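Have a look at the structure below before the remarks.
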Amino acid sequence: EPGRYELLNFGLPLSVEVPDGWSVQPNFPGVVVLTAAGSTGPGDRDLVWINDIREFAPIAGGPIRAGDPITADELRALLESPQPGRPFKNIEEFDLTGTDGTVTPVIRFDLKVDETASCTLDDPCDFALISSYSLVKSLTSTVEQRVWLFPEHPTGPAAAVAQAPFGTDWLQDASAVMKTMQLRSIDVSE
96 EPGRYELLNF GLPLSVEVPD GWSVQPNFPG VVVLTAAGST GPGDRDLVWI
146 NDIREFAPIA GGPIRAGDPI TADELRALLE SPQPGRPFKN IEEFDLTGTD
196 GTVTPVIRFD LKVDETASCT LDDPCDFALI SSYSLVKSLT STVEQRVWLF
246 PEHPTGPAAA VAQAPFGTDW LQDASAVMKT MQLRSIDVSE
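Residue 279 in the numbering used here sits at position 184 of the sequence shown; the count goes up by one each step and never skips.
Put into structure tokens, the structure is as follows:
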């Protein structure tokens, strides 16, 4: 049903407004997945929240590691000083303020690989977010994607990732949901 939902598995007291026509997928610790009703699987109109991200690993040919992993702190530094040729676009930083005045920084960026890039083991185009739960969320050159990085998440860096086939409006739909994010204060004595 459409309405405001708290993302209990994400590890922050965060809620979003979910519109009509969205589905919730089976979730597990550290992961929340919302999709378009007709989504056919990963990368097809999904919005995935993952906490406790350990690394951002270059991959090629699926899950094959291709190069040294980038820690979440290194990724933040890379986004703060983007280099020519890197696939990070439309970088925006903002603060999410809780009801008690606490602040959580968020960095939003698009991951877009140049269409002329030749992706090899020596020069990979795809990446994976790897969490302490061993969950891998692929960030691939075959779909459009937008990432919201939460570098100061309580259990370690976290992210929300929206992915969709090229030419759809899903990233705009997912961005509209992310703009409804609210952070509430929690009483740790409870």
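Every residue gets a Cβ at the ideal spot worked out from N, C-alpha and C, and that includes glycine. These figures come from a predicted structure and were not determined experimentally.
Residue span of the alpha helix (DSSP H) that contains alanine 167, given as start and end: 167-175
Assumed close pair isoleucine 145, alanine 254 - CB separation to whole angstroms, cut-off 8 Å: 6 Å
Beta-carbon contacts of glutamate 150 that lie in its chain and below 7 Å, excluding the five residues immediately before and after: Pro164, Ile165, Thr166, Ile225
Endpoints, alpha helix (DSSP H) assigned at alanine 271: 265-273
Same chain, Cβ closer than 7 Å to phenylalanine 222, neighbours up to 5 away in sequence not counted: Around phenylalanine 222: Phe151, Ala152, Pro153, Ile154, Leu234.
Among Thr194, Gly196, Asp190, Val201, the one whose alpha carbon lies nearest that of leucine 174: Val201
Beta-carbon separation (whole angstroms), valine 272 vs valine 126, contact threshold 8 Å: About 17 Å separates the two Cβ atoms, so there is no contact after all.
DSSP-derived helix/strand/coil call for leucine 191: strand
Helix, strand or coil at leucine 299 [DSSP, three-state]: Nothing about residue 299 can be read from this structure; the chain reaches only from 96 to 285.
Beta-bridge partners of glutamine 258, as assigned by DSSP: DSSP, once it has assigned bridges, lists Asp141, Gln240 as partnering glutamine 258.
Other residues of its chain near valine 111: CB distance less than 6 Å, five sequence neighbours each side excluded: Val272, Thr275, Met276
Under 7 Å between C-beta atoms of arginine 241 and aspartate 205: Taking 7 Å as the Cβ cut-off, arginine 241 and aspartate 205 qualify as a contacting pair.
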